[in-house]
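First residue of the sequence shown? That's 4 in my numbering, and the numbers climb one at a time after it.
Note sheet for the following structure.
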Amino acid sequence: MSIWSEHVVPRVTDLALGTADVRAVRARAVERARGEVVELGFGSGPTLPLYPAAVTSVRAVEPSAVARRLGARRMAATSIPVQHVGLDGADLDLPDATADTVVSTFTLCTIPDVERALREVRRVLRPDGVFLFLEHGLSPEPSTARWQHRLDGLQQRLVAGCHLTRPIDVLVRDAGLTVTDLEHESLRGPGPMSYLYRGVATP
Ligand SMILES: C[S@@+](CC[C@H](N)C(=O)[O-])C[C@H]1O[C@@H](n2cnc3c(N)ncnc32)[C@H](O)[C@@H]1O
């Protein structure tokens, strides 16, 4: 991995996804989190302070050592027990049906084998569990989508494998999950990066 991806991207991400706008939409995305949570792409832990009181523990999956270090202060500041349990959302070292909630925020864009990661989400969820996602992805607006396709390769090189063109709801459904709620929002900022999918899915 390059110095850019390993050291710069996690710090830029921590700042870019730590704004008040993002915090507000992030808080809405995890309103229904409860019980034992598995969080894919925990990053520097920006979602941690936003979890409702119903959350009893968080098992974090995060490959970046820099992001994990940045997250240490948030882990120290919360009363929720948090444990790092793995490096790859596509290969969870967790038994079947052991999570009440799986959370992914701005991570399905980056996991290389996203289809497999979503099958893992379904596998580790309890039958009454929920998958909460907040992701940027492919816009239904044709001119924005054209720009997303043009910029996708550059984005992947600059932002550690982040894709602009993933149709998040289609991927979630294709993994056998049932999408029960789906909202779209736009963040302030460049159109190709700001079309959001905020949703809930069940196994
Ligand atoms: C754009 S950041 C988002 C971080 C955080 N979830 C947030 O909302 O700010 C994407 C995160 O996915 C992580 N990631 C990359 N590949 C991954 C994988 N295979 N499994 C789990 N997380 C991964 C990255 O290290 C990074 O922390």
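Beta carbons are placed, not taken as given, at the ideal position from N, Cα and C, and that holds for glycine.
Is the beta carbon of residue i less than 8 Å from the beta carbon of residue j?
i      : j      : result
ARG201 : ARG31  : yes
ALA120 : ALA163 : no
LEU174 : GLU118 : yes
ALA70  : PRO13  : yes
VAL25  : THR50  : no
VAL58  : VAL41  : no
PRO55  : ALA36  : yes
THR74  : GLY38  : Position check: residue 74 holds Gly in this sequence, whereas Thr was assumed. Not closer than 8 Å, so no.
LEU97  : ARG72  : no
Looking only at C-alpha atoms, which of the options sits nearest to residue i?
i      : options                        : result
GLY46  : THR22, SER107, LEU95, ARG153   : SER107
GLU186 : VAL64, SER5, TYR198, GLU65     : TYR198
PHE134 : VAL12, GLY21, ARG176           : ARG176
VAL182 : ASP172, VAL40, LEU128          : ASP172
SER5   : SER67, LEU95, ASP96            : SER67
ALA148 : CYS165, PRO170, ASP131         : PRO170
PRO206 : SER189, LEU128, LEU161, GLN159 : LEU128
GLU188 : THR22, GLY179, ALA80, ARG29    : ARG29
SER146 : PRO193, VAL15, LEU180          : PRO193
ARG77  : PHE136, ALA23, ASP17, GLY156   : ASP17
GLY179 : SER8, PRO130, ARG160, LEU161   : PRO130
VAL203 : PHE136, ASP96, LEU161, GLY156  : PHE136
Report all residues from its chain with a CB closer than 6 Å to the CB of residue i; omit the five preceding and five following residues, and keep chain order.
i      : result
THR110 : LEU43, GLY44
GLN158 : CYS165, LEU167
ALA23  : none
GLY21  : PRO49
SER1   : Here the chain covers residues 4 to 206 and nothing more, so residue 1 does not appear.
ARG160 : none
THR81  : LEU51
Please list, in chain order, all residues of the same chain as residue i whose beta carbon is under 7 Å from its beta carbon, the five residues on each side excluded.
i      : result
GLN151 : LEU141, SER142, LEU167, THR168, PRO195
PRO84  : SER60
HIS10  : VAL69
THR113 : GLY44, ALA163, GLY164, CYS165
VAL15  : none
ASP184 : GLY202, VAL203
ALA3   : An answer regarding residue 3 cannot be provided, because it is not within the stretch 4 to 206 covered by the chain.
Within the same chain, show all residues whose beta-carbon is closer than 8 Å to that of residue i, passing over the 5 residues directly before and after it, in chain order.
i      : result
LEU154 : LEU167, PRO195
GLY156 : none
Specify whether the region 78-88 and the region 130-140 touch according to this definition: at least 3 beta carbon pairs, one from each stretch, less than 8 Å apart. no
So, do the region 91-111 and the region 121-129 have three or more beta carbon pairs nearer to each other than 8 Å? yes
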